[in-house]
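In full-length UniProt numbering, the protein residues as written are 1 to 162.
Report on the structure given below.
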Amino acid sequence: MSSADNKEKKLILRKATIEEVEKIYRLINGFASKDEMLPRSLSELYENIRDFYVFMEDTQLIGCAALHIFWKDLAEIKSLAVLGSHQRRGIGKKLVSACMQEAKELRIAKMFVLTYSPEFFEKCGFCRIEKAELPQKIWSECVKCHKFPDCGEIPLIIDISK
1 MSSADNKEKK
11 LILRKATIEE
21 VEKIYRLING
31 FASKDEMLPR
41 SLSELYENIR
51 DFYVFMEDTQ
61 LIGCAALHIF
71 WKDLAEIKSL
81 AVLGSHQRRG
91 IGKKLVSACM
101 QEAKELRIAK
111 MFVLTYSPEF
121 FEKCGFCRIE
131 KAELPQKIWS
141 ECVKCHKFPD
151 CGEIPLIIDI
161 SK
């Protein structure tokens with residue numbers, strides 16, 4: 001076995017760069033094509049790249065998530081995706097934690113998520129709520145979605161102010 005075979009993979013969690021938009025696009029829309037999450041357009045990703053974190057293995061993008069601020073006390077975790085071959089290794093949890101940490105630094109009290117995988121977020125401390133409990137402002141994006149009003153996403157929330 002060569003020394004290259006023994007080389008540890010370099011794992012990095014960091015803010016996304018503009019060069020990664022197309023990789024993020026492919027990752028998210030790969031899941032969207034299987035109806036496992038909502039799609040994102042390239043223009044939406046470019047406009048919101050500063051919201052995104054990426055998880056890299058050497059130069060390969062294996063996960064992403066975005067922290068989107070809605071109001072002075074409310075933010076959303078959006079577009080959490082991890083390559084299927086890398087799931088169940090704690091990468092999703094690390095991406096959620098990075099978003100939570102940034103939200104805490106910004107003094108945001110609560111975070112929510114709309115998801116088809118509520119069990120994962122419950123393991124991260126989120127609790128299910130009724131959609132009506134979320135402010136009307138968050139639905140401004142939903143009305144643009146091709147699945148509106150029946151997308152089937154489940155809302156969850158967590159209080160991070162403590």
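Virtual Cβ for every residue (Gly too), placed ideally from N, Cα, C.
Quick caveat, the model's predicted, so the values are computed rather than measured.
Whether residue i touches residue j by CB criterion (8 Å)
i      : j      : result
Ser79  : Ala98  : no
Leu45  : Val82  : no
Ile129 : Leu95  : no
Ile28  : Ala16  : no
Ala103 : Ala75  : yes
Glu57  : Leu13  : no
Ile77  : Val113 : yes
Beta-bridge partners of residue i, as assigned by DSSP
i      : result
Glu119 : Its beta-bridge partners do not exist; DSSP assigns none.
Pro155 : Leu114
Cys64  : Val54 and Ala81
Leu74  : Trp71 and Lys110
Reference residue i, options the options, closest by Cα
i      : options                   : result
Leu106 : Trp71, Gly90 and Glu119   : Trp71
Lys93  : Ala109, Ala75 and Tyr53   : Tyr53
Cys124 : Ile108, Ala132 and Met100 : Met100
Near the ligand FMN: residue i beta-carbon under 7 Å from a heavy atom
i      : result
Lys123 : The ligand FMN is not part of this structure, which contains no ligands at all.
Burial state of residue i, where buried means 16 or more other Cβ atoms lie within 10 Å
i      : result
Gly90  : exposed
Leu42  : exposed
Arg40  : buried
Cys64  : buried
Thr115 : buried
Cβ neighbours of residue i in the same chain (closer than 8 Å, five flanking residues each side left out)
i      : result
Glu133 : Pro155 and Ile157
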